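Asker: Numbering (the numbering used here), first residue to last: 1331 to 1623.
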Ligand SMILES: Cc1cc2nc3c(=O)[nH]c(=O)nc-3n(C[C@H](O)[C@H](O)[C@H](O)COP(=O)(O)OP(=O)(O)OC[C@H]3O[C@@H](n4cnc5c(N)ncnc54)[C@H](O)[C@@H]3O)c2cc1C
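This is the structure in structure tokens:
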């Protein structure tokens, strides 16, 4: 535990909002590994989320957790507050604009879009994500990214226009400056339902995720395919404890039920070391660490 007084101060400020002390947050990640956060805050509304951010900012370290699909939680947990967005699930459609709170799943966005004859995010079908996580990571595939479709984002500091979001490959100001995407407005295009369905099934058929528990691509494909390089270095199958480089796709690390976060981390470190040794390339993680490693 960090300074208990600072947590007492936060809990008092957040009266009426769900705040839990010393909670396991590893279970909220896709890998289901890792330890406890000193505080877990679960706001129910956008107002509660803003209140939660304001209560922790400058008082203790904090982390916004969406679906946990791209997060590795330290086995030692996190000395600070995790704010989980899972209950922020309101959404509305105004013409071609789709406005969603950050906890809405991208799968739900795509279903709504399709039901309302709107297109533009079909490529994202199959990316496990909340709206907030997708915007923060500028998630994407097949040369398209979620940021391309964003009109504006509402954060704790006000409205950020698309141009102000600093979208780049798997990055945005929400990642680099730690601003929270509370509501996101996507600008969609009218489209025929059968055209949308056709695109969705094509994108689904392209997607071949390796079997087993993973967080998707561990390393950024920035100017090169990390998986191809890892494969060429002969690292498929490299393992530590319960974690190993997938035999099917070398940019995926698969964790068995006996894996801990340290196993996954050690595989990441070994891959980086070997790729640097053999090819002189420094791989950079796309996966986000929560806590100390
Ligand atoms: C099987 C599999 C396949 C995948 N395929 C792809 C793919 O094709 N393309 C791709 O880009 N990714 C892919 N991923 C990675 C992952 O799905 C994306 O990174 C996704 O956008 C993460 O969303 P999340 O809600 O789970 O965010 P989390 O994992 O919870 O968080 C990721 C980051 O976003 C931040 N964040 C979350 N919510 C907010 C918010 N409201 N405001 C500000 N910051 C926030 C977190 O602090 C963290 O830094 C894949 C993952 C898996 C498991």
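Glycine included, every Cβ here is placed at the ideal spot set by N, Cα and C. Remember, predicted model here, so these are calculated numbers, not experimental data.
Using C-beta distances below 7 angstroms, list every residue in its chain close to residue 1623, excluding the 5 sequence neighbours before and after it, in chain order.
Answerer: Counting from one through the chain shown, the residue named residue 1623 turns up at place 293. Contacts found: 1404 and 1595.
Asker: Is residue 1523 buried or exposed, if buried means 16 or more other CB atoms sit within 10 Å of its CB?
Answerer: For the purposes of this step, residue 1523 is taken as residue 193 along the chain shown, with counting starting at 1. Residue 1523 is exposed by the Cβ-count criterion.
Asker: Given the structure, does residue 1471 come close to ligand 1, in the sense that its CB is under 7 angstroms from one of the ligand's heavy atoms?
Answerer: Reading the chain shown from its first residue, position 141 is the one you call residue 1471. For ligand 1, at least one heavy atom lies less than 7 angstroms from the Cβ of residue 1471.
Asker: Name the residue from 1569, 1539 and 1592 whose alpha carbon lies nearest to the alpha carbon of residue 1657.
Answerer: A query on residue 1657 cannot be resolved here, the shown segment of the chain reaching from 1331 to 1623 and no further.
Asker: If you measure from the CB of residue 1495, is any heavy atom of ligand 1 nearer than 7 angstroms?
Answerer: On the chain shown, residue 1495 is found 165 positions in, with the first residue counted as 1. No - ligand 1 has no heavy atom lying nearer than 7 angstroms to the Cβ of residue 1495.
Asker: Report yes if the CB atom of residue 1430 is closer than 8 angstroms to the CB atom of residue 1513, and no otherwise.
Answerer: For the purposes of this step, residue 1430 is taken as residue 100 along the chain shown, with counting starting at 1. For the purposes of this step, residue 1513 is taken as residue 183 along the chain shown, with counting starting at 1. Closer than 8 angstroms, so yes.
Asker: Which first and last residues belong to the beta strand (DSSP E) in which residue 1515 is found?
Answerer: As a position in the chain shown, residue 1515 is number 185, starting the count at 1. Taken as a continuous stretch (DSSP letters only), the beta strand (DSSP E) holding residue 1515 covers 1513 to 1517.
Asker: Start and end of the beta strand (DSSP E) containing residue 1410?
Answerer: As a first step, residue 1410 must be located in the chain shown, where it is residue number 80. Taken as a continuous stretch (DSSP letters only), the beta strand (DSSP E) holding residue 1410 covers 1408 to 1414.
Asker: What does DSSP give as the partner residues of residue 1475 in its beta bridges?
Answerer: By 1-based counting over the chain shown, the position of residue 1475 is 145. Paired residues: 1470.
Asker: If I follow the unbroken alpha helix (DSSP H) through residue 1385, where does it start and stop?
Answerer: Residue 1385 sits at position 55 when you count from the first residue of the chain shown. It spans 1376 to 1386 - the alpha helix (DSSP H) in which residue 1385 sits, taken as one unbroken run.
Asker: Tell me whether residue 1445 is buried or exposed, calling it buried when 16 or more other Cβ atoms sit within 10 Å of its Cβ.
Answerer: Taking the chain shown and counting its residues from 1, one reaches residue 1445 at position 115. By the 10 Å Cβ count, residue 1445 comes out exposed.
Asker: Could you round the C-beta distance between residue 1394 and residue 1462 to whole angstroms and report it? I think they count as a contact, below 8 angstroms.
Answerer: Mapped onto the chain shown, residue 1394 falls at position 64. Mapped onto the chain shown, residue 1462 falls at position 132. Contact holds; Cβ gap of about 7 angstroms.
Asker: Which of the three DSSP states is assigned to residue 1395 in this structure?
Answerer: Here residue 1395 is taken as the residue at index 65 of the chain shown, counted from 1. Residue 1395: strand per DSSP, three-state reduction.
Asker: Looking at C-alpha atoms only, which residue of 1458, 1375 and 1571 is the closest neighbour of residue 1418?
Answerer: As a first step, residue 1418 is located in the chain shown; it is residue number 88 there, counting from the start. Closest option to residue 1418, Cα to Cα, is 1375.
Asker: Any heavy atom of ligand 1 closer than 7 angstroms to the Cβ of residue 1440?
Answerer: Start at 1 with the first residue of the chain shown, and residue 1440 comes out as number 110. No, Cβ of residue 1440 sits at least 7 angstroms from all heavy atoms of ligand 1.
Asker: How should residue 1377 be labelled, buried or exposed, when 16 other C-beta atoms within 10 angstroms of its C-beta is the threshold for buried?
Answerer: Locating residue 1377 in the chain shown gives position 47, counting from the first residue. It counts as exposed.
Asker: Taking just the CA atoms, how far does residue 1363 sit from residue 1598?
Answerer: Reading the chain shown from its first residue, position 268 is the one you call residue 1598. Reading the chain shown from its first residue, position 33 is the one you call residue 1363. Roughly 15 angstroms between the two C-alpha positions.
Asker: Using only CA atoms, which one of 1427, 1465 and 1481 lies nearest to residue 1475?
Answerer: Looking up residue 1475 in the chain shown gives position 145. Among 1427, 1465 and 1481, the Cα nearest to that of residue 1475 is on 1465.
Asker: Just the C-alpha distance for residue 1552 and residue 1499, rounded to the nearest angstrom, thanks.
Answerer: Locating residue 1552 in the chain shown gives position 222, counting from the first residue. Locating residue 1499 in the chain shown gives position 169, counting from the first residue. About 7 angstroms.
Asker: Please confirm whether residue 1556 and residue 1569 have their CB atoms less than 8 angstroms apart.
Answerer: Translated into the one-based positions of the chain shown, residue 1556 becomes position 226. Translated into the one-based positions of the chain shown, residue 1569 becomes position 239. Not closer than 8 angstroms, so no.
Asker: For residue 1489, is the beta carbon positioned less than 7 angstroms from some heavy atom of ligand 1?
Answerer: On the chain shown, position 159 is the one that residue 1489 refers to. No, since every heavy atom of ligand 1 falls outside the 7 angstroms radius drawn around the Cβ of residue 1489.
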